[in-house]
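Engineer: Below is the structure I would like to discuss, written out as structure tokens.
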Amino acid sequence: RSLAAPRSSTTAAVSAPQHPHRRPHMGAAGVCAYLCVALALFSAQVHAFRAPLRAAFRKSGRLGATKEDEDTRNVAEWATVLKEHRGRRFQVIAAEAWEDMALKLEREHPERFRFHTSSWGHWPDGTDNIEIGGFSPHNVISGSHVVFLANFESNAQTLSQFSVIITLLQSFVESLTVVLPFYPVGQMERITKPGQVATANTYAQLFSNLPSSGKPTRVMVYDIHALQIAGGRH
Numbered sequence: 235r236s237l238a239a240p241r242s243s244t245t246a247a248v249s250a251p252q253h254p255h256r257r258p259h260m261g262a263a264g265v266c267a268y269l270c271v272a273l274a275l276f277s278a279q280v281h282a283f284r285a286p287l288r289a290a291f292r293k294s295g296r297l298g299a300t301k302e303d304e305d306t307r308n309v310a311e312w313a314t315v316l317k318e319h320r321g322r323r324f325q326v327i328a329a330e331a332w333e334d335m336a337l338k339l340e341r342e343h344p345e346r347f348r349f350h351t352s353s354w355g356h357w358p359d360g361t362d363n364i365e366i367g368g369f370s371p372h373n374v375i376s377g378s379h380v381v382f383l384a385n386f387e388s389n390a391q392t393l394s395q396f397s398v399i400i401t402l403l404q405s406f407v408e409s410l411t412v413v414l415p416f417y418p419v420g421q422m423e424r425i426t427k428p429g430q431v432a433t434a435n436t437y438a439q440l441f442s443n444l445p446s447s448g449k450p451t452r453v454m455v456y457d458i459h460a461l462q463i464a465g466g467r468h
């Protein structure tokens, strides 16, 4: 005889108590329905965004444009930019040695260059007493493209012209181009013994540390006076 207790013919189903804040499990059908609604909403938003965008492109003429049309537009845009550059007007300030050159620029291209005479005086103690042209009776320097014709043939003139360059950069010019036909210290770019001064480097440091006018200052040197470029010793 078996000593085990007899099994009951029915088994009571025991279910875990439901958490009061837990959401019911979403089946596969519920997930599909949720995704369909989300995709429908996303498609509606995309359509609402594309409509004004396509209208704007139709208005600009770019919708359906071919590569040839785009090339034509680019050529026309370049022609417009080139015309603006060629029509740019410059206010010219010049060192005393280059005033004749500045007058020649104005005489041959009056539509592009306007020369303003500056006063390069000195006080009784020998310090600079400079008055830059173009500031009176009306200030035509601020907001303009300026060209400065520099001449570094002596240390005294070099320092005076650096003072003028700094003043121009602090006068809210649109751009400044320094034209230096001759760089007299170009050959002194290295030293052979301690204590020598590489003046080509010190001049370059002065140019590199000029105040900013918001745009890079262009320095154009026609004869840098360096042996590596000149091709030989003379």
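Residue numbers (our numbering): 235 to 468. Beta carbons: idealized from backbone N, C-alpha and C, even for Gly.
May I ask you to list the residues that DSSP assigns as paired with residue 347?
Structural biologist: 324
Engineer: Given that a residue counts as buried once 16 or more other Cβ atoms are within 10 Å of its Cβ, and exposed if not, what is residue 399?
Structural biologist: buried
Engineer: What does the alpha-carbon distance come out to for the pair residue 330 and residue 352?
Structural biologist: 8 Å
Engineer: Mind checking whether residue 411 and residue 452 have CB atoms under 8 Å apart?
Structural biologist: yes
Engineer: Count the other CB atoms within 10 Å of the CB of residue 385; is the residue buried (16 or more) or exposed (fewer)?
Structural biologist: buried
Engineer: According to DSSP, is residue 453 part of a helix, a strand, or is it coil?
Structural biologist: strand
Engineer: Near residue 454, which residues of its chain fall below 6 Å by C-beta distance, leaving aside the five closest residues on each side in sequence?
Structural biologist: 413
Engineer: Check for me: the alpha helix (DSSP H) holding residue 394 runs from which residue to which?
Structural biologist: 389-403
Engineer: Taking the alpha helix (DSSP H) that residue 411 falls in, what are its first and last residues?
Structural biologist: Here residue 411 belongs to no alpha helix (DSSP H); instead the beta strand (DSSP E) covers 409-416.
Engineer: Thinking C-alpha only, which one of 272, 302, 447, 300 is nearest residue 375?
Structural biologist: 447
Engineer: Does residue 395 pass the burial test, meaning 16 or more other C-beta atoms within 10 Å, or should it be called exposed?
Structural biologist: buried
Engineer: For residue 420, which option in 435, 426, 397, 428 has the closest C-alpha, if you only look at C-alpha atoms?
Structural biologist: 435
Engineer: Can you check whether the CB of residue 423 is closer than 8 Å to the CB of residue 377?
Structural biologist: no
Engineer: Could you check the C-alpha separation between residue 349 and residue 391 for me, to the nearest Å?
Structural biologist: 20 Å
Engineer: Count the other CB atoms, across all protein chains shown, that sit within 10 Å of the CB of residue 360; report buried if there are 16 or more and exposed otherwise.
Structural biologist: Label assigned to residue 360: exposed.
Engineer: For residue 365, name the three-state secondary structure that DSSP assigns.
Structural biologist: strand
Engineer: Quick check: what's the CA-CA separation for residue 450 versus residue 442?
Structural biologist: 10 Å
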